[in-house]
Amino acid sequence: MAGRLFDFRSNMAQQETDAAFQQLSQKLIKEHWDFYPTAGSRIGQHEYDGRLPDLSPSQNSRREGELRRGLTELRTLDAGSLDEAGHMSYRMMELFLRRELFIFSDLKPLENNPMRLTGYLNVSGYMRRDYAPLEDRLRSAAAAMRQALDFLDVLDQALSGSLSSHVVDMSVESYSGMARFYRVDLAEAAKGVTDQEIVAEFNLAREAAAAALDRFVESLKGRGKSGPEGFAIGPELYSGMLATGEGLEVSLSRIAAIGQANLEDNLARIKELAQSIAPGRPVAEIVEEIGRNHPQAQELIPETRDMLEDIRQSLVDFDVISVPSEDRCQVIETPTYMRYAFAAMDTAGALETKATESFYYVTPVEEEWGSQQAEEWLSNFNYDTLKIISIHEVYPGHFVHHLHNRYGRDLPLINRVATAYSFTEGWAHYTEQMMLETKYGDGQPKLLLTQLLEALVRNCRYMCSLRMHTEGMTLGEATKFFMENAYMAELPARREALRGTFDPGYLNYTLGKLMILKLREDYKQEQGSNYSLKEFHDRLLSFGGPALPLLRPALLNNPGDLAL
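Here our numbering is used: position 465 in the sequence shown is 454, and no number is missing along the way.
Encoded structure:
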């Protein structure tokens, strides 16, 4: 009798805590969207359309206080009485608040990293997602662009007068590109709209916003005075970035040692593989030969579409992962404002209900290009590289992750909102290697070599991020590192190194992959003869996209202390 009474009281306590946590989560997430309305709009909450965040000092101070109060409220709950899934959501909520607070009070991008803020000005989502009549979407885009002047004035006043010249150079390129996007790419956006008042309002807003961007760019150009470096965040902030963003509290020396070992392993594997493919020939020569086997320009989109079906069927045939929907992404040419990328996946927001289609963008040959330029571009879309990119972006990478989130079990709101960089990109990068470990990779040594080349680029991001931000590596040294370890030419190597100056988190492709591989190995050992690769993947994706260390207690009986 006493035991049943204890269980009843325990269940009541769990239900009360769970209800209190769900209510608090909804409040805290709404506060986040109220401050960052662009985040609410992009996830599918369209009441936030047409608004940019107010990053003025008074609002920043208010938001910082709100975050601290939110953490205090969260920590008053008895998290120990939550069930396993509830406890994970609790930890995700805590990390979500800690990460935003860390960005506010420690990283301070408003003062030193304008690259982190460009995305707020991107109104392309209003154009490409048909969730409402075009007239309404144009009004929302115009409303957002009208706020660009105030947004940029706040940023201009907040930024330090002395920034890394590398970050300034990339920021000038980014904000100039946004101005060009407003003027050029949006010029045809109102085509077909008959209400000339809406069209005039939209055109006036985009030109005024473009002019404001021009002025901001000129102001930026005078700020690169701290020397060519000056971008490093330092070891303390780097550790904080990993702790709050990825839930990873491991010494940087251990992280560096693990990354270096993986780099060396991949370098050895690619050299050995190259010798088996063509003894005595250098890797670069084999890569050039692979590049010559590519679709013709007019066949790029249809052949990519056919390739996706082949890869999708392989997931079924080899029992790799559940594909929880017959939905297909639309393979289309990359919009002009995004053609800096070879290919990209654009899935609907996690809470979108009206425009749920997904797009796989593939960047075509431009009509004005000559034959040599077209050939160089298409060589990057050779069949092997296109397969690896498609595995990463679509099957079973980002698109399948999206399908599990949309059609899997009902996820708590925080699991849909709080995704970790290392999970989303780590999963997609992991799938490149994983697919080549299955029967899909049998008899395809050149495909394996291509996958290893992609892995080496991510290895170099990992090591250069650590060394640039914690050990004093210069941009020139990082460029050389990419050239020597990822078989890259100088120009793309420098572009990769430049990204590391403003995005220290780009180590997360490899970092996430390595955490997933360790989790898989530990899970396999515990499961023994009951181990199933498909079941592991399905369970992994059933929680959304949490920081990977949080998944160990959910998947393992003995999670241990180390995620790496």
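Beta carbons are placed, not taken as given, at the ideal position from N, Cα and C, and that holds for glycine.
Legend entry - Distance CB(Ile244)-CB(Leu445) smaller than 9 Å: no
Legend entry - Residue interval of the beta strand (DSSP E) (run including Ala332): Ala332 to Asp335
Inset, instruction - Please report the residue range of the alpha helix (DSSP H) in which Ile32 lies. - result: Pro26 to Ile32
Inset, instruction - Assess, as a yes-or-no matter, whether the stretch 446 to 462 is touched by the stretch 482 to 494 under the definition of 3 or more beta carbon pairs within less than 8 Å. - result: yes
Inset, instruction - Select from Ile505, Gln15 and Arg528 the residue whose C-alpha is nearest the C-alpha of Pro401. - result: Gln15
Legend entry - Straight-line Cα distance separating Met134 from Glu196: 9 Å
Inset, instruction - Rounded to whole angstroms, what's the CA-CA distance from Pro413 to Gln185? Just pull it up for me. - result: At residue 413 the sequence reads Thr, which differs from the Pro that was named. Approximately 42 Å, taken between the alpha carbons.
Legend entry - Inter-residue Cα distance where the pair is Arg301 and Tyr384: In a straight line, the C-alpha of Arg301 is about 6 Å away from that of Tyr384.
Legend entry - Sequence-distant residues of the same chain with beta carbon closer than 7 Å to Ser70, five excluded per side: Ala2, Gln3 and Thr6
Inset, instruction - Check Phe307 in the structure and name its three-state DSSP category. - result: coil
Legend entry - Cβ separation of Gly248 and Thr499, assumed to be a contact under 8 Å, to the nearest whole Å: Right, their Cβ atoms sit about 7 Å apart.
Legend entry - Beta bridge counterpart(s) of Phe348 as assigned by DSSP: Gln319 and Asp335
Legend entry - Nearest-angstrom Cβ-Cβ length linking Trp59 and Glu100, presumed shorter than 8 Å: The sequence shown places Gly at residue 59, not Trp. Rounded, the Cβ-Cβ distance is 23 Å, inconsistent with contact.
Legend entry - Alpha-carbon spacing of Tyr349 relative to Asn519, whole angstroms: Rounded to whole angstroms, Tyr349 to Asn519 spans 36 Å at the Cα level.
Inset, instruction - Might you give, ordered along the chain, the residues of its own chain that have their beta carbon closer than 7 Å to the beta carbon of Ala582, omitting 5 neighbours on each side? - result: Absent from the structure is residue 582, since the part of the chain shown begins at -10 and ends at 553.
Inset, instruction - Along the alpha helix (DSSP H) that carries His390, what are the first and last residues, could you check? - result: His387 to Tyr396
Legend entry - Neighbourhood of Arg105 by C-beta, 8 Å cutoff - its chain only, sequence neighbours within 5 removed: Pro98 and Phe491
Inset, instruction - Please confirm if Asp139 has its CB atom under 9 Å from at least one CB of chain D. - result: No chain D is present in this structure, which holds just one protein chain.
Inset, instruction - Measure the CB-CB distance between Leu237 and Ala552 and report whether it falls below 9 Å. - result: A distance below 9 Å separates the beta carbons of Leu237 and Ala552.
Legend entry - Short Cβ contact (9 Å threshold) for Phe388 with Phe331: Taking 9 Å as the Cβ cut-off, Phe388 and Phe331 do not qualify as a contacting pair.
Legend entry - Secondary structure, alpha helix (DSSP H): runs of 4+ residues fully inside the stretch 437 to 522: Every unbroken stretch of the alpha helix (DSSP H) spanning 4 or more residues and falling wholly within the stretch 437 to 522 is given here in chain order: 464 to 475, 479 to 491 and 497 to 516.
Legend entry - Arg51, buried or exposed, once every other Cβ within 10 Å from all chains shown has been counted against 16: exposed
Legend entry - Asn282, DSSP secondary structure in three states: In the structure shown, Asn282 sits in coil (DSSP, three-state: anything other than H, G, I, E or B).
Inset, instruction - Compare the Cα-Cα distances from Glu162 to each of Thr107, Thr408 and His393 and report the closest residue. - result: Of the candidates Thr107, Thr408 and His393, Thr107 places its Cα closest to the Cα of Glu162.
Inset, instruction - Report all residues from its chain with a CB closer than 8 Å to the CB of Leu437; omit the five preceding and five following residues, and keep chain order. - result: Leu262, Leu425 and Gly430
Inset, instruction - Locate the alpha helix (DSSP H) running through Ile380, then write down its first and last residues. - result: Tyr372 to Glu382
Legend entry - DSSP-derived helix/strand/coil call for Phe85: Residue state, collapsed to three classes: helix.
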